[in-house]
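Student: Numbers 1 to 192, taken from the UniProt record's numbering, label the letters of the sequence shown in order.
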Amino acid sequence: MNTVQGDKSEAILDAAYGIFGSKGFYETKMSDIADEAGIAKGTIYLYFKSKEQLFVAVSKRDCNSFISRLEYALQAHENTGDKLGAIAKTHLTYYYERRNHTKLFFMAPNNDPDLMKFMKAFMNEYMSMVCRVLESAGVPEPVLLAEAYIGILDRLKMDIMLNPEFNEQDLNKRIAFAAALFLDGCRSFLRV
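(1) So what's residue 98 in DSSP terms, helix, strand or just coil?
(2) What number of angstroms, rounded off, separates the C-alpha of residue 203 from the C-alpha of residue 157?
(3) Could you have a look at residue 164 and say whether DSSP puts it in helix, strand or coil?
(4) So, does the segment 61 to 80 touch the segment 128 to 147, judging by three or more C-beta pairs under 8 angstroms?
(5) For residue 110, does the three-state DSSP call read helix, strand or coil?
(6) Hey, quick one: how far does the alpha helix (DSSP H) through residue 137 stretch, first residue to last?
(7) Thinking C-beta only, is residue 84 closer than 8 angstroms to residue 143?
(8) I need the straight-line Cα distance from residue 88 to residue 179, nearest angstrom please.
(9) Given a cut-off of 8 angstroms, decide if residue 104 and residue 57 are closer than it, judged by their beta-carbon atoms.
(10) Would you mind working out which of 98, 176, 185, 79 sits nearest residue 59, comparing C-alpha positions?
(11) Excluding sequence positions up to five away, which residues of its chain have a Cβ less than 6 angstroms from the Cβ of residue 25?
(12) Which residues mark the beginning and the end of the alpha helix (DSSP H) in which residue 44 is found?
(13) CA-CA distance, residue 36 and residue 185?
(14) By Cβ distance below 8 angstroms, which residues in the same chain neighbour residue 18 in space, the five residues on each side in sequence not counted?
(15) Below 6 angstroms CB to CB, which residues in the same chain sit around residue 80 once its five sequence neighbours on both sides are set aside?
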């Protein structure tokens, strides 16, 4: 792909990300994306055969960025506690940065087989990364613990996505809380 084609493809993905994020998949029109990207509507179809395929491409780019950020964050830390903190920070910051694009997550074409296949592979990769951190610490049941940790983070992300007053201080509090809760359990928070 030459630079001009790459630039158009990126412009389409950038425009689609913003419009899918604000309107949702079903309310987004390809003409809206074309207008935002500054191209003719037919040009989109040179790169993406359908709106579903474009949504999958937007999701792939976003999820691959998440995995890259997480890999980098994990490499920067040695001990398990710091790695769990890095996972929490990457996970929750990802949603904090996308809090104005919630419809990417809540109004997606959830019956699209290509999207479901990709999302399953993405979740497996993410789970594997968390599981490897726990395995290297020698904990029993690393798979269940990885599922539990991601579950905690997913619940905390809902505050970010649904509370318009959520701020960076709230984010940092939840990052620290999630890692501490997971490492030390509820006992570390009891005042007995």
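Note that the Cβ used here is the ideal one computed from N, Cα and C, for glycine as well.
Tutor: This is what the structure gives:
(1) Coil, per DSSP.
(2) Limits of the chain in this structure are 1 at one end and 192 at the other, which puts residue 203 out of reach.
(3) coil
(4) Pairwise C-beta distances place the segment 61 to 80 in contact with the segment 128 to 147, as three or more of them are shorter than 8 angstroms.
(5) coil
(6) Where residue 137 is concerned, there is no enclosing alpha helix (DSSP H), given that its DSSP letter is neither H nor E.
(7) no
(8) 7 angstroms
(9) In this structure, residue 57 keeps its C-beta atom at 8 angstroms or more from the C-beta atom of residue 104.
(10) 98
(11) Answer for residue 25: 55, 107, 108, 109, listed in chain order.
(12) Where residue 44 is concerned, the enclosing alpha helix (DSSP H) stretches over 41 to 47.
(13) 48 angstroms
(14) 36, 101
(15) Cβ neighbours of residue 80 within its own chain (closer than 6 angstroms, five residues either side excluded): 137.
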